[in-house]
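Presented below is the structure to which this report refers.
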Amino acid sequence: MKLSILFSIFLTLFLSAEKKPNILFIFTDDHAYQAVGAYNSWLKEHCPTPNIDSLARDGMLFEQCYVTNSICGPMRAAIQTGKYSHTNGFLVNGNKFDGTQQTFPKLLRKAGYTTAVVGKWHLGTHMSPQGYDYSEVLIGQGPYYNPPMRLDKDGDGKHDEVIKHVGYTTDIITDLALDWMKSKRDKDKPFMLMYQHKAPHRNWQPGPKYLNKYDDVTLPEPDTLFDDYKGRTLAAYQQDMTIAETMNRGDLKLDAPGNLTPEQRKVWDAAYNPKNEALKKANLQGKDLVRWKYQRYVKDYLRCIASVDDGVGRMLGYLKEAGLEKDTIVIYCSDQGFYLGEHGWFDKRWMYEESLRTPMLVRWPGVIKAGSRNGDIVSPVDFAGTFCEVAGIDSPTDLHGRSMVSLLKGKTPKDWRKSFYYHYYEYPGYHWVR
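Structure below.
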């Protein structure tokens, strides 16, 4: 009898030790750390992100997460492979990702995980994402409204069909992610879900719920909105990403999106037409016009993030409701940072703090101390090695990143990096970045 009890206890402990945590990887496009409430920036009073912030409250906020190539496709390739752009072969937007190479989803699938990606893929391949049991992804950049999406429901890397959705893309991506969680995943396996938003990428089209958010608010301006670039190279003067000169009519919502349904167009026009008429009457010039453009841009940007935060809340709510909260690591990160008027700019690309630095928050119940902060230099190339350790498998020796699990446990290795590598390849042409 005693031996039977001891064996049962041992077996329970063994199975508990062997249980692999689920991974929910929430990923956005161009989400500046300045626009996450938990980062306490100069916009903190105007960018409430309560659901994203809850990951910092219940987990760890990383203060120095730096990308290695501040542009969408290349950073996504770096995350998939754990390798820098010159090795994974995806240097610039417009390249095609080599899906035959080693990626962390393939490694996790071999380790017994069921894997899925829903939302933005943006790796320039005609094939569906490889290494995933299920994928439903935007085609290319994808629109903010009524997106066609490429579905691969059997994980063979070839899309089964293109589905045309109707609605706001941020909400649709959340709906699809929840649907996979609830009814399409193999519930006998741990899961790894990449839940990837288009928002808040240019041209920052808000969802119907938030079209009038911030209408009665004047946002604070960054100190360098009217930067004169003294002491810097000619490139700072000659770039083509200023709020003052570069933004087009679509960016500024002077023209409505062309793919709205009649009902969506009616709601859009009701929100923007009165504001645009007021602009015409004001006849703004010079710095006053730049200030107006800044307000329009950043308000729309924050409106997009409000919808993302709603979606994060829905996902976290489901984890709790389904009893998965304690067994799931949740990561929130973006592919790079973004200028929110600093230096008079929008966009990313250059080696400035706003472009290089991306938000990163992680919740891992029972492992991460709630409310902790980490000041070590980390990078999205570290995710692959981290996920391998979480899954209980050895990291491939050719990764450029390394596992962050020790950091998540509050222990920084003595040999942790003190610097990081960065190389942006899209020069000299795009945005005149030289």
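Start counting the sequence shown at 968; every next residue gets the next number (my numbering). Note that the Cβ used here is the ideal one computed from N, Cα and C, for glycine as well.
Q: Hey, could you find the ends of the beta strand (DSSP E) Phe-1029 is sitting in?
A: By 1-based counting over the sequence shown, the position of residue 1029 is 62. 1027 to 1032 is the span of the beta strand (DSSP E), which, as asked, contains Phe-1029.
Q) Of the residues Glu-1393, Cys-1032, Gln-1206, Asp-1142, which one's Cα is nearest the Cα of Gly-1278? A) For the purposes of this step, residue 1278 is taken as residue 311 along the sequence shown, with counting starting at 1. Per the C-alpha coordinates, the member of Glu-1393, Cys-1032, Gln-1206, Asp-1142 positioned closest to Gly-1278 is Asp-1142.
Q. So the alpha helix (DSSP H) Ile-1274 belongs to, where does it begin and stop?
A. Here the question's residue 1274 lines up with position 307 in the sequence shown. Note that residue 1274 is Ser in the sequence shown here, rather than Ile. Where Ser-1274 is concerned, the enclosing alpha helix (DSSP H) stretches over 1253 to 1288.
Q | For Gln-1252 and Pro-1167, the rounded distance between their alpha carbons | A | Counted from its first residue, the sequence shown places residue 1167 at position 200. Counted from its first residue, the sequence shown places residue 1252 at position 285. Cα to Cα, the separation comes out at about 28 Å.
Q: Under 7 Å Cβ to Cβ from Pro-1041, same chain only, skipping five residues before and after it: list those, please.
A: Position 74 of the sequence shown, counted from the start, is the residue given in the question as residue 1041. Listed in chain order, the non-local C-beta contacts of Pro-1041 below 7 Å within the same chain comprise Ser-1052, Phe-1057, Leu-1058, Val-1059, local neighbours out to five positions each way being set aside.
Q.
Distance check for Cys-1300 and Phe-981, CA to CA, integer angstroms please.
A. One-based indexing of the sequence shown puts residue 981 at position 14. One-based indexing of the sequence shown puts residue 1300 at position 333. Because Phe-981 carries a pLDDT of 42, less than 50, the predicted location of this residue cannot be relied on, and the following value inherits that uncertainty. Rounded to whole angstroms, Phe-981 to Cys-1300 spans 33 Å at the Cα level.
**Q.** Top-ranked residue by Cα proximity to Val-1329, from His-1310, Val-1345, Glu-1320
**A.** Your numbering for residue 1329 matches position 362 in the sequence shown. Of the candidates His-1310, Val-1345, Glu-1320, the one whose C-alpha sits nearest the C-alpha of Val-1329 is Val-1345.
Q: Within 10 angstroms of the Cβ of Arg-1076, are there 16 or more other Cβ atoms? Answer buried if so, exposed if not.
A: Reading the sequence shown from its first residue, position 109 is the one you call residue 1076. Classification of Arg-1076: buried, given that the 10 Å Cβ count is 16 or more.
Q: Use the C-beta contact count for Gly-1308: other C-beta atoms within 10 angstroms, 16 or more gives buried, fewer gives exposed.
A: Translated into positions along the sequence shown, residue 1308 becomes position 341. So Gly-1308 ends up on the buried side.
Q | Cut-off 6 Å between Cβ atoms - residues of its own chain near Asn-1409, not counting five sequence neighbours on either side | A | The requested residue 1409 is not part of the displayed model; the chain covers only 968 to 1401.
Q: Could you tell me if Phe-974 is buried or exposed, where buried requires 16 or more neighbouring beta carbons within 10 angstroms of its beta carbon?
A: Walking along the sequence shown from the start, residue 974 turns up at place 7. Caution is warranted here: a pLDDT of 46 is assigned to Phe-974, below 50, making its placement in the model unreliable, and the coordinate value is therefore given only provisionally. Phe-974 should be labelled exposed.
Q. Where Tyr-1196 and Leu-1221 are concerned, what is the direct C-alpha to C-alpha distance, given to the nearest angstrom?
A. Within the sequence shown, residue 1196 is the residue found at index 229, counting from 1. Within the sequence shown, residue 1221 is the residue found at index 254, counting from 1. Looking at the two C-alpha atoms, the distance is approximately 29 Å.
Q | Distance between beta carbons of His-1013 and Leu-1192, contact taken as under 8 Å | A | Counted from its first residue, the sequence shown places residue 1192 at position 225. Counted from its first residue, the sequence shown places residue 1013 at position 46. Under the criterion of beta carbons closer than 8 Å, Leu-1192 and His-1013 do not qualify as touching, at roughly 15 Å.
(Q) Check this for me: beta carbons of Arg-1117 and Val-1104, under 8 Å apart or not? (A) Here residue 1117 refers to the residue found at position 150 when the sequence shown is read from its first residue. Here residue 1104 refers to the residue found at position 137 when the sequence shown is read from its first residue. The answer is yes: Cβ separation under 8 Å.
Q. Can you tell me whether Asn-1418 is buried or exposed, with buried defined as 16 or more other CB within 10 angstroms of its CB?
A. Within the shown structure, residues of the chain are numbered from 968 to 1401, placing residue 1418 beyond reach of any answer.
Q) Near Leu-970, which residues of its chain fall below 8 Å by C-beta distance, leaving aside the five closest residues on each side in sequence? A) Your numbering for residue 970 matches position 3 in the sequence shown. Low confidence applies to Leu-970: its pLDDT is 49, below 50, so where it sits in the model is not reliable, and the reading given next is rough at best. Excluding positions up to five away in sequence, the list is empty.
Q | Pairwise C-alpha distance: Val-1257 and Thr-1081 | A | Numbered from 1 along the sequence shown, position 114 holds the residue referred to as residue 1081. Numbered from 1 along the sequence shown, position 290 holds the residue referred to as residue 1257. Distance between the alpha carbons of Thr-1081 and Val-1257: 49 Å.
**Q.** Start and end residues, alpha helix (DSSP H) containing Pro-1444
**A.** An answer regarding residue 1444 cannot be provided, because it is not within the stretch 968 to 1401 covered by the chain.
**Q.** Limits of the unbroken alpha helix (DSSP H) element including Gly-1040
**A.** Here residue 1040 refers to the residue found at position 73 when the sequence shown is read from its first residue. Residues 1039 to 1048.
Q) Looking at the structure shown, is Met-1148 part of a helix, part of a strand, or coil, going by DSSP? A) Locating residue 1148 in the sequence shown gives position 181, counting from the first residue. In the three-state DSSP reduction, Met-1148 falls in the helix class (H, G or I).
Q. Any contact of the region 1363 to 1373 with the region 1309 to 1321, i.e. 3+ C-beta pairs under 8 Å?
A. no
Q) Under 8 Å between the Cβ atoms of Thr-1379 and Val-1034? A) Within the sequence shown, residue 1379 is the residue found at index 412, counting from 1. Within the sequence shown, residue 1034 is the residue found at index 67, counting from 1. Their beta carbons are not under 8 Å apart, which means Thr-1379 does not touch Val-1034 by this criterion.
Q | Outcome for Ser-1386 when other beta-carbon atoms lying within 10 angstroms are tallied against a minimum of 16 | A | Within the sequence shown, residue 1386 is the residue found at index 419, counting from 1. Label assigned to Ser-1386: exposed.
Q. Just reading off the alpha helix (DSSP H) that Tyr-1204 is part of, what are its end residues?
A. For this step, residue 1204 is matched to residue 237 along the sequence shown. Per DSSP, Tyr-1204 belongs to the alpha helix (DSSP H) from 1201 to 1205.
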